[in-house]
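Okay, so the sequence shown: first residue is 694 according to the numbering used here, each after it adds one.
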Amino acid sequence: MSSNLQTYGSLMLASRLRRLSDQLYAGVDTSYLAAGVELTSRCFPLLLLLRDNGPTSITALAAQIGQTHPVVVQLGRKLLDAGVVTEMPDAKDERRRLLALSDAGQALLRNMTPLWDDVRAAVDAVFEQGTPQLMASLDRAEARLQAQGFGETIAACRRQRERAAVEVIDYAAPYAADFKRLNIAWLERYFYVEALDDKVLSDPQRSILDDGGQIFLARLDGKIVGTCALIRAGDDSIELSKMAVTPECQGLGIARRLIERAFDAFEASGAKLLFLESNSKLAPAIRLYESSGFTHVARPAGDAHYQRADVYMEWQGR
């Protein structure tokens, strides 16, 4: 059994709407010719807008009907040749020309009323009296597409799918290279690798895990794309550190997912203080920390762990 467009559901919506549009246009044009109307149905949106809005520029007409400027220029010439519109200068800008409905155009639209009643009845028949609901759905769809283009909507759906596919997992030895790779890439992108960085990243088992710390990894499609760590800084304090997300996966909420996992682990640890050190030039990261419950406080006595650190924050809870 061969497939048709219906087989593919909403994936073929544009193709089916185009086919449906062509069928409707063809049917209306045939009816117009039978009634002695030589203009095609594609001309009448402009005529109706000129009737209801008065003299209008080509640019404004193009925006109102959602067509390109060249297409509307061609339609305008066709209507001028037919004598149903006239051209006049814009009183506010003589360089710009306006189209206006002529007396012949007014008469044409009045004579179209019975035929348009037939078209409306035919639309109701085709859509089984569901025309009001259909038109309301079209209004909503057009409004959404005006607010956000369809390409942007597809991209948002992709991000949502990828966000749902992200797993946050516990560190294991086979991921040592990934842990180091992500953090080194982040450091080289924004700063440089300090001696303490190299020590911790080269042996996370000894530097973090053996002291009671934890490492969390974000995995997407089998690849490690993000990481963070909880590093013991004393009996009652833990540092949130080694936060890194691969650039191509930023925007998927991975850092927030990692932080939430770290919060769960901190609360289960029995420690009293969760803090972090960062740098003021990392504005997006600072905003993320602030929105997650971290507040800026004065650094306790003693040097920062890293030369790049000029921000100290403590977590106040969820």
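Ideal Cβ positions, reconstructed from N, Cα and C, are used throughout, including at glycine.
DSSP puts residue i in a beta bridge; with which residues?
i    : result
F987 : W1008
P763 : Looking at the DSSP assignment, P763 forms no beta bridge with any residue, so it has no partner.
K916 : L913
F968 : E932 and E1007
A922 : I908 and S934
D786 : D783
V778 : L794
T749 : L792
How would you label residue i, buried or exposed, when you count the other beta carbons within 10 angstroms and need 16 or more for buried?
i    : result
M813 : For clarity, residue 813 is Arg in the given sequence; the question names Met instead. Result: exposed.
P825 : exposed
F907 : Going by the sequence as given, residue 907 is Gln instead of Phe. It counts as buried.
T700 : exposed
D774 : exposed
P940 : exposed
F872 : buried
W809 : exposed
R803 : exposed
M694 : In this prediction, M694 has a pLDDT of 46, which is less than 50 and means its spatial position is unreliable; nothing more can be read from the coordinates.
G729 : exposed
D890 : buried
Among the options, which one has its Cα closest to the Cα of residue i?
i    : options                    : result
R899 : P738, N804, G769 and R925  : R925
L923 : A818, I917, R852 and F956  : F956
S734 : S703, L772 and K873        : L772
V819 : I901, R854 and G720        : G720
A792 : N804, T806, R851 and G747  : Per the sequence shown, the amino acid found at residue 792 is Leu instead of Ala. Selected option, being the one with the closest Cα: G747.
K916 : A858, S934 and R954        : A858
A937 : R874, R1001, F968 and P993 : R874
A815 : W1008, A976 and L717       : L717
V893 : K935, S724 and E731        : K935
A870 : A849, S895, R854 and E887  : S895
D811 : F737, S724 and R882        : S724
A976 : R852, D1003, A834 and D904 : D1003
A727 : V766, T749 and M805        : M805
Looking at the ligand SAH, does it come within less than 7 Å of residue i, judged from the CB to the closest heavy atom?
i    : result
M828 : Annotation note on the ligand SAH: not contained in the displayed structure, which lists no ligands.
Check: In the stretch 840-916, which residue ranges form an unbroken beta strand (DSSP E) of at least 3 residues, counting only runs that do not cross its ends?
Finding: 860-863 and 907-913
Item checked: the stretch 916-936 in contact with the stretch 955-963 per 3-pair CB rule at 8 Å -> yes
Check: Should the stretch 726-742 be called in touch with the stretch 750-762, which here means at least 3 C-beta pairs below 8 Å?
Finding: yes
Check: Counting Cβ pairs closer than 8 Å, one from the stretch 696-712 and one from the stretch 778-785, do we hit at least three?
Finding: no
Item checked: the stretch 943-954 / the stretch 976-987 touching (three or more Cβ pairs under 8 Å) -> yes
Check: Which ranges does the alpha helix (DSSP H) cover as unbroken runs of at least 4 residues, wholly within the stretch 801-847, from first to last along the chain?
Finding: 824-840
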